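Chemist: There's a structure below that I have some questions on.
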Amino acid sequence: MEKVIVLGIGNRLMMDDGIGIYLVEEMMRDASAQNIQYIIGESDIDYCIQQIENATFVIIIDCTITGGQPGEITIHSLDHLVVSRSFDFSVHNLHLFQVLYQLRNQIKGYLIGIEPYKISFNFGLSRVIENKRNEIEKNVKGVIQQLIN
1 MEKVIVLGIG NRLMMDDGIG IYLVEEMMRD ASAQNIQYII GESDIDYCIQ
51 QIENATFVII IDCTITGGQP GEITIHSLDH LVVSRSFDFS VHNLHLFQVL
101 YQLRNQIKGY LIGIEPYKIS FNFGLSRVIE NKRNEIEKNV KGVIQQLIN
């Protein structure tokens with residue numbers, strides 16, 4: 001059986017940048033799938049790398065800036081992320097995605113991105129994203145189920 005990890009990354013002190021953390025925390029409370037391990041990585045990329053090294057399938061949930069509408073979900077295959085180009089859509093890309101690229105033959109997975117409304121110094125989500133939070137969570141759970149089945 002595959003070891004599936006759902007990893008929430010972000011920074012709670014930067015408003016909507018923390019959406020990945022908040023979503024994974026909710027999923028942890030409601031975890032019914034026994035083959036999924038939920039991990040809060042926040043912005044500690046070294047910890048994230050350590051956690052995913054033994055996984056076979058990783059789903060990263062993060063705030064991504066793709067030019068979509070606030071709360072819009074995008075899905076990016078990790079093996080299609082090219083390490084030589086700049087990852088302008090995620091602020092947590094320093095070396096996490098470089099390591100994932102190097103491990104692409106061992107670890108398969110996806111980045112589920114949520115378009116922010118505002119990234120700024122402040123604790124908690126923006127009102128716009130908070131108002132869409134239940135819908136975002138429902139949609140992300142559906143995407144996860146499709147990806148692992």
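Here the UniProt record's numbering is used: position 135 in the sequence shown is 135, and no number is missing along the way. For each residue, glycine too, the CB sits at the ideal point set by N, CA and C. Keep in mind that this is a model prediction, so the values were computed, not measured.
Anyone know if the C-beta pair for PRO110 and ILE45 falls short of 7 Å?
Modeler: Reading off the sequence shown, one finds Tyr at residue 110, where the question assumed Pro. No, the Cβ-Cβ distance between TYR110 and ILE45 is not below 7 Å.
Chemist: How about ASP16 and CYS48: are their beta carbons less than 7 Å apart?
Modeler: No, the pair does not count as a contact, with Cβ atoms beyond the cut-off.
Chemist: Going by the CB atoms, is the gap between GLY20 and ILE73 shorter than 7 Å?
Modeler: No, the Cβ-Cβ distance between ILE73 and GLY20 is not below 7 Å.
Chemist: What did DSSP end up calling PHE97 once you bin it into helix, strand or coil?
Modeler: Three-state DSSP puts PHE97 in a helix.
Chemist: What is the DSSP secondary structure of LEU7, reduced to helix, strand or coil?
Modeler: It is a strand residue.
Chemist: Please state the DSSP three-state secondary structure of ILE105.
Modeler: For clarity, residue 105 is Asn in the given sequence; the question names Ile instead. It is coil, neither helix nor strand.
Chemist: For the putative contact between LEU23 and PHE121, defined by C-beta atoms under 8 Å, what is the C-beta separation to the nearest angstrom?
Modeler: Contact flag wrong, Cβ pair sits at about 21 Å.
Chemist: In whole angstroms, what separates the C-alpha of HIS92 from that of GLY113?
Modeler: In this prediction, HIS92 has a pLDDT of 48, which is less than 50 and means its spatial position is unreliable; what the coordinates show is noted afterwards. Roughly 12 Å separates the two Cα atoms.
Chemist: Mind listing, in chain order, the continuous beta strand (DSSP E) runs of no fewer than 3 residues lying wholly within the segment 21-83?
Modeler: Runs of the beta strand (DSSP E) inside the segment 21-83: 36-42, 57-63 and 73-77.
Chemist: Per DSSP, ASN122 forms a beta bridge with which residues?
Modeler: In the DSSP output, where bridge partners are listed per residue, ASN122 has MET14.
Chemist: Skipping 5 residues on each side, what residues in its chain have a beta carbon closer than 8 Å to that of LYS132?
Modeler: Within the same chain, LYS132 has close Cβ partners PRO70 and GLY71.
Chemist: To the nearest angstrom, report how far apart ASN134 and ALA55 are at their CA atoms.
Modeler: Taking the straight line joining both Cα atoms gives about 28 Å.
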